[in-house]
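**Student:**
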Amino acid sequence: MLKKVHIKSLLLCVFIPSRTSLRSIALFMASLSFFVGIMGNIISLLLFVSPIKTFWGVVKKKSTENYKGVPYITTLLSTSLWTFYGLIKPDILVVSVNGVGAIFQFIYVTLFLIYAPKDTKVTMAKFVAILNVGFLGAVIMVALLAIHGNLRITFVGILCAALTIGMYAAPLSAMRRVIKTKSVEYMPFLLSFFLFLNGGVWSAYSVLVKDFYIGVPNVVGFVLGSAQLILYLMYKNKSASAKTMKAIEEDGSVQLVKGSVDILVHRDKDDEDDGGIDEGNLKNRSLSKGKSLPKPSVLNREYSYTKDHEDTLSE
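First residue of the sequence shown: 2, per the numbering used here; consecutive thereafter.
1) Which term fits residue 144, buried or exposed, when burial requires 16 or more other beta carbons within 10 angstroms of its beta carbon?
2) Give the range of the alpha helix (DSSP H) segment to which residue 176 is assigned.
3) What does the alpha-carbon distance come out to for the pair residue 201 and residue 221?
4) Going by C-alpha distance, which of 42, 41, 68 is nearest residue 54?
5) Counting pairs of Cβ atoms below 8 Å between the region 74-82 and the region 190-208, do you hit three or more?
6) Only counting the same chain, and skipping five residues up and downstream in sequence, which positions put a Cβ closer than 7 Å to that of residue 158?
7) Fully enclosed by the region 42-77, which alpha helix (DSSP H) runs are 4 residues long or longer?
8) Just checking my contact of residue 161 with residue 94 at CB under 8 Å: how many whole Å lie between their CB atoms?
9) Mind checking whether residue 97 and residue 133 have CB atoms under 8 Å apart?
10) Out of 176, 107, 39, state which residue places its alpha-carbon closest to the alpha-carbon of residue 72.
11) Quick one: is residue 212 buried, meaning 16 or more other Cβ sit within 10 Å of its Cβ, or exposed?
12) Residue 47: which of 33, 184, 192, 122 sits nearest, CA to CA?
13) Do you know how far the Cα of residue 122 is from the Cα of residue 234?
14) Specify the secondary structure class of residue 117 as computed by DSSP and reduced to three states.
15) On the CB-based measure, 16 or more other CB atoms within 10 Å of its CB, does residue 28 come out buried or exposed?
16) Less than 8 Å separating the beta-carbons of residue 117 and residue 70?
17) According to the neighbour-count rule (16 or more other Cβ atoms, all chains shown, within 10 Å of its Cβ), is residue 187 buried or exposed?
18) Could you check where the alpha helix (DSSP H) with residue 136 kicks off and where it finishes?
19) From 179, 163, 174, 112, pick the residue whose C-alpha is nearest to that of residue 62; which is it?
20) Can you tell me the Cα-Cα spacing of residue 147 and residue 141, whole angstroms?
21) Identify whether residue 158 lies in helix, strand or coil by the three-state DSSP scheme.
22) Starting from the Cα of residue 190, find the closest Cα among 182, 165, 216, 226 and give me that residue.
23) Roughly how many whole angstroms lie between the Cα atoms of residue 59 and residue 65?
24) Based on Cα-Cα distance, which residue from 89, 237, 138 lies nearest to residue 180?
25) Going along the chain, which residues of its own chain have a beta-carbon closer than 6 Å to the beta-carbon of residue 173, five neighbours each way excluded?
26) For residue 110 and residue 130, what's the separation of their Cα atoms in angstroms?
27) On the criterion of 16 or more Cβ atoms from any shown chain inside 10 Å, does residue 91 qualify as buried, or is it exposed?
28) What does the alpha-carbon distance come out to for the pair residue 230 and residue 194?
29) Return the CA-CA distance between residue 45 and residue 119, expressed in angstroms with no decimal places.
30) Nearest-angstrom Cα distance between residue 156 and residue 57?
31) Which residue wins for smallest C-alpha separation from residue 219, given the options 105, 152, 168?
32) Measuring alpha carbon to alpha carbon, tell me which of 84, 196, 51 ends up nearest residue 170.
33) Does residue 40 come out as helix, strand or coil in the three-state DSSP assignment?
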């Protein structure tokens, strides 16, 4: 009987951790989630600062050219909402990264409004007023005055998740274009890679802190980022081959035209040495100019075209 009690006590000690063990596990999980959150902050900040080069060019040229302002306006709304979500939860890592992101997006939107054409400026100002002032202000007022407790977090979290999913889904048009054209020219590798990393890291963070609203949109982002990388691997060689053929054709075209110009210059010099242009040469020249140039799809066509001109000269 004593032996059975001893075995039972031993099993309880093995399978039921002590308070000290539970405290150690909790500390480890907290440290791990903080580390993963810091990594997510770094990756997100790299994405937030990536348009600096674009807007540096905008400031230098004093024009937004063909750039679109809507992505920066919606990102400003998203980062502002996530900052508010982090404050009411609270979550310092969510507040820090999205607060800094909101500052960057505010600067981008301001520069866009300064340097955009008049018509575009008016349209973008309306978007800012509706989304970043009206909608954001309404959400904050409703959350603070009309909703209380956990329902407040649920309300803001659902809005944040829905907006982030919409932003992650935006590159679907680029993916469709890659499949259609079989070219990755319009889907930059680094952007796809960082979207993949960002979605993966924040998905891991959401599991560690048990936050459904952070997890769902970032899982979607991770999946879409993975799909973009797969497409890049599938079509990058085809894009390289297409660019090589285009370069060959362009080089062939340049050399072909250069050879033709050299021949005509040589003929002009011969005519000057002969003291003028006789009627026969003038007729031959007009016939030569009337011939259409062959399509320079291969380099060796240059030789055949040059040879034809040499035969004409010898005649």
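Ideal Cβ positions, reconstructed from N, Cα and C, are used throughout, including at glycine. Keep in mind that this is a model prediction, so the values were computed, not measured.
**Tutor:** From the atom records:
1) The residue labelled residue 144 in the question sits at position 143 within the sequence shown. Label assigned to residue 144: buried.
2) Position 175 of the sequence shown, counted from the start, is the residue given in the question as residue 176. Residue 176 -> alpha helix (DSSP H) spans 173-182.
3) What you label residue 201 is simply residue 200 of the sequence shown in a count that begins at 1. What you label residue 221 is simply residue 220 of the sequence shown in a count that begins at 1. The straight-line gap from Cα to Cα measures roughly 9 Å.
4) Here residue 54 corresponds to residue number 53 of the sequence shown, with the count starting at 1. Nearest of 42, 41, 68 to residue 54, Cα basis: 68.
5) no
6) Here residue 158 refers to the residue found at position 157 when the sequence shown is read from its first residue. Correct list, in chain order: 86, 214.
7) 53-62
8) Numbered from its first residue, the sequence shown carries residue 161 at position 160. Numbered from its first residue, the sequence shown carries residue 94 at position 93. At roughly 15 Å, the Cβ-Cβ gap does not stay under 8 Å, so residue 161 and residue 94 are not in contact.
9) Here residue 97 corresponds to residue number 96 of the sequence shown, with the count starting at 1. Here residue 133 corresponds to residue number 132 of the sequence shown, with the count starting at 1. No. Outside cutoff.
10) One-based indexing of the sequence shown puts residue 72 at position 71. Measuring from the Cα of residue 72, the nearest candidate turns out to be 107.
11) Along the sequence shown, read from residue 1 onward, the residue named residue 212 stands at position 211. The residue is buried, with at least 16 neighbouring Cβ atoms inside 10 Å.
12) Start at 1 with the first residue of the sequence shown, and residue 47 comes out as number 46. Nearest C-alpha to residue 47: 192.
13) Walking along the sequence shown from the start, residue 234 turns up at place 233. Walking along the sequence shown from the start, residue 122 turns up at place 121. One C-alpha to the other measures close to 39 Å.
14) Sequence index remark: in the sequence shown, residue 117 carries index 116 (1-based). Per DSSP, reduced to three states, the secondary structure at residue 117 is coil, with no helix or strand assignment.
15) As a working note, residue 28 is residue 27 in the sequence shown. Residue 28 should be labelled exposed.
16) As a first step, residue 117 is located in the sequence shown; it is residue number 116 there, counting from the start. As a first step, residue 70 is located in the sequence shown; it is residue number 69 there, counting from the start. Yes, the Cβ-Cβ distance between residue 117 and residue 70 is below 8 Å.
17) Here residue 187 refers to the residue found at position 186 of the sequence shown. Its Cβ having fewer than 16 others within 10 Å, residue 187 is exposed.
18) Counting from one through the sequence shown, the residue named residue 136 turns up at place 135. Looking at the DSSP string, residue 136 is not in any alpha helix (DSSP H), and its letter there is neither H nor E.
19) Within the sequence shown, the letter at position 61 stands for residue 62. Measuring from the Cα of residue 62, the nearest candidate turns out to be 112.
20) Position 146 of the sequence shown holds residue 147. Position 140 of the sequence shown holds residue 141. Spanning the two alpha carbons is a distance of roughly 10 Å.
21) By 1-based counting over the sequence shown, the position of residue 158 is 157. Correct three-state label for residue 158: helix.
22) In the sequence shown, counting from the first residue as 1, residue 190 sits at position 189. Checked all of 182, 165, 216, 226; the closest Cα to residue 190 is 226.
23) Within the sequence shown, the letter at position 58 stands for residue 59. Within the sequence shown, the letter at position 64 stands for residue 65. Answer to the nearest angstrom: the Cα atoms are 5 Å apart.
24) As a working mapping, residue 180 is identified with position 179 in the sequence shown. The residue with the shortest Cα to Cα distance from residue 180 is 237.
25) Within the sequence shown, numbered from 1, the residue matching residue 173 stands at position 172. Result list for residue 173: empty, nothing under 6 Å.
26) Your numbering for residue 110 matches position 109 in the sequence shown. Your numbering for residue 130 matches position 129 in the sequence shown. Whole-angstrom Cα-Cα distance: 12 Å.
27) Position 90 of the sequence shown holds residue 91. Its Cβ having fewer than 16 others within 10 Å, residue 91 is exposed.
28) Working through the sequence shown from its first residue, we reach residue 230 at position 229. Working through the sequence shown from its first residue, we reach residue 194 at position 193. Each residue's alpha carbon lies about 7 Å from the other.
29) To locate residue 45, count along the sequence shown from 1; it is residue 44. To locate residue 119, count along the sequence shown from 1; it is residue 118. So the two alpha carbons sit approximately 32 Å from each other.
30) For the purposes of this step, residue 156 is taken as residue 155 along the sequence shown, with counting starting at 1. For the purposes of this step, residue 57 is taken as residue 56 along the sequence shown, with counting starting at 1. One alpha carbon belongs to residue 156, the other to residue 57, and they sit about 38 Å apart.
31) Here residue 219 corresponds to residue number 218 of the sequence shown, with the count starting at 1. If we check each option's Cα against that of residue 219, 168 comes out closest.
32) Taking the sequence shown and counting its residues from 1, one reaches residue 170 at position 169. If we check each option's Cα against that of residue 170, 196 comes out closest.
33) Here the question's residue 40 lines up with position 39 in the sequence shown. DSSP places residue 40 in helix when its eight states are reduced to three.
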